[in-house]
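Structure record follows, encoded as structure tokens.
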Amino acid sequence: MQNCRAFTLIELLVVIAIIAILAAILFPVFAQAKAAAKKTTDASNLKQIALGILMYNGDNDDLFPRGNYPNPQDPSYWYSWREASSPYIKSGQQEYAPGIPLVKGSLWASPSEPSGALYGYGAHDGLMPGEEHWMAPGVKTASHSPTQLERGAETLMISTIGINPAWNSGSSLGVETLHWTYNDWSWPIQWLSDGAARYEGDNRDTDGKIGWKLVRYRYTDSANVAWVDGHAKAVKKGALDWCKNLYTSGFSSVGGANDDWLWSQGNACYGK
Numbered sequence: 002m003q004n005c006r007a008f009t010l011i012e013l014l015v016v017i018a019i020i021a022i023l024a025a026i027l028f029p030v031f032a033q034a035k036a037a038a039k040k041t042t043d044a045s046n047l048k049q050i051a052l053g054i055l056m057y058n059g060d061n062d063d064l065f066p067r068g069n070y071p072n073p074q075d076p077s078y079w080y081s082w083r084e085a086s087s088p089y090i091k092s093g094q095q096e097y098a099p100g101i102p103l104v105k106g107s108l109w110a111s112p113s114e115p116s117g118a119l120y121g122y123g124a125h126d127g128l129m130p131g132e133e134h135w136m137a138p139g140v141k142t143a144s145h146s147p148t149q150l151e152r153g154a155e156t157l158m159i160s161t162i163g164i165n166p167a168w169n170s171g172s173s174l175g176v177e178t179l180h181w182t183y184n185d186w187s188w189p190i191q192w193l194s195d196g197a198a199r200y201e202g203d204n205r206d207t208d209g210k211i212g213w214k215l216v217r218y219r220y221t222d223s224a225n226v227a228w229v230d231g232h233a234k235a236v237k238k239g240a241l242d243w244c245k246n247l248y249t250s251g252f253s254s255v256g257g258a259n260d261d262w263l264w265s266q267g268n269a270c271y272g273k
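Take the position in the sequence shown, starting the count at 1, then add 1; the result is the number in the numbering used here.
Next comes the structure, spelled out in structure tokens:
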């Protein structure tokens with residue numbers, strides 16, 4: 002009769018130690034793979050949204066959709082650039098009420114946005130201004146055409162943004178100097194920080210904080226960006242240049258500062 006030999010305590014401890022070592026090696030790899038998958042999905046979302054906007058432009062006199070505007074049938078409901086372009090994207094279409102469209106979820110949701118957020122992507126508010134600027138109520142803003150831009154392939158159109166907890170939502174992507182320089186008046190402006198914990202983190206900003214209108218770098222200090230020509234790619238934190246990639250002369254929404262003087266000799270954007 003053959004005797005069965007049990008594991009000794011030392012052998013069990015060795016096995017447990019080996020498992021712990023393997024877990025310590027593999028878990029970070031799994032986490033990195035998951036983060037990479039989210040980043041890929043995020044880039045794909047932005048690419049599809051950007052192409053939908055370009056198709057919208059083609060059917061609407063080569064004009065970008067408005068950032069927001071009242072529903073002509075019921076002005077108590079407002080549309081945004083999302084609802085305007087959603088027929089070309091065919092994803093996440095829902096309704097506020099019968100006949101009142103709303104886009105939510107599906108590719109409109111960034112895979113890394115805070116839990117429960119309504120929108121995690123924001124559009125350049127110089128390219129797609131709302132019907133009125135909050136600093137100039139009653140003054141209608143103009144629609145803009147991508148052909149007015151000198152460097153469409155280098156101009157940011159859509160990216161991930163912070164979440165305003167009052168609305169549980171992102172809005173437009175702030176590009177005016179007051180958004181960029183809040184808490185950091187250094188020049189030349191770089192998209193670096195308005196308080197690193199908020200700016201880099203996958204968390205909500207405090208109420209009333211301008212920083213929630215800025216890009217969030219949620220993928221190892223990088224963020225995906227969709228550009229005006231329709232391509233999408235990741236940019237590292239600090240790589241975006243406000244002078245080259247964000248500011249659009251003549252496109253600033255009504256009430257926004259005209260910063261063309263920054264391109265004069267001796268100023269931050271001279272030569273860019």
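Virtual Cβ for every residue (Gly too), placed ideally from N, Cα, C.
Straight-line CA distance for residue i to residue j?
i    : j    : result
V15  : T41  : 39 Å
F65  : A269 : 29 Å
I162 : S77  : 26 Å
P88  : I54  : 10 Å
C244 : S250 : 10 Å
E12  : V216 : 52 Å
D62  : K237 : 34 Å
R219 : T9   : 47 Å
G123 : I17  : 48 Å
W264 : R152 : 16 Å
A235 : K48  : 11 Å
A21  : A34  : 20 Å
A143 : E114 : 31 Å
D126 : Y271 : 23 Å
I26  : I90  : 41 Å
Q266 : P71  : 42 Å
L23  : G59  : 54 Å
D242 : N259 : 17 Å
F28  : G106 : 29 Å
K273 : T148 : 19 Å
Q74  : K141 : 19 Å
F31  : I19  : 18 Å
Which residue wins for smallest C-alpha separation from residue i, given the options the options?
i    : options               : result
E155 : W228, A51, A21        : W228
L128 : I26, A44, F31, Y248   : Y248
S86  : Q33, A51, Q74, G231   : A51
I287 : Q149, N225, T148      : The first residue shown for the chain is 2 and the last is 273, placing residue 287 beyond what the model contains.
L157 : A240, D222, W79, S265 : A240
S92  : A110, S146, W79       : A110
A36  : G153, S223, T142      : S223
L150 : N72, D75, F252        : F252
Please return the same chain residues whose Cβ sits closer than 6 Å to the Cβ of residue i, not counting the five positions on each side in sequence.
i    : result
N46  : L108
G131 : G68, N69
S146 : D63, L64
Mark residue i as exposed unless 16 or more other C-beta atoms lie within 10 angstroms of its C-beta, in which case mark it buried.
i    : result
G121 : buried
S81  : buried
T221 : exposed
A233 : buried
Y57  : buried
P189 : At P189, the pLDDT of 47 sits below 50, so the modelled position is not reliable; the number obtained from the coordinates is stated separately. Per the 10 Å Cβ criterion, exposed.
Leaving out the 5 sequence neighbours to the left and right, which residues in its chain are closer than 8 Å to residue i when beta-carbon positions are compared?
i    : result
E84  : P102, L103, V104
N246 : E155, T156, L157
W79  : N69, Y70, P71, N72
For residue i, I'd like the list of residues in its chain whose CB is within less than 7 Å of its CB, leaving aside the five on either flank, ordered along the chain.
i    : result
P112 : K39, T42, D43
G231 : A51, L52, L55
W262 : N268
### Task
Run through the stretch 25 to 112 for me and flag every whole alpha helix (DSSP H) of 4 or more residues, listed as ranges in chain order.
82 to 86
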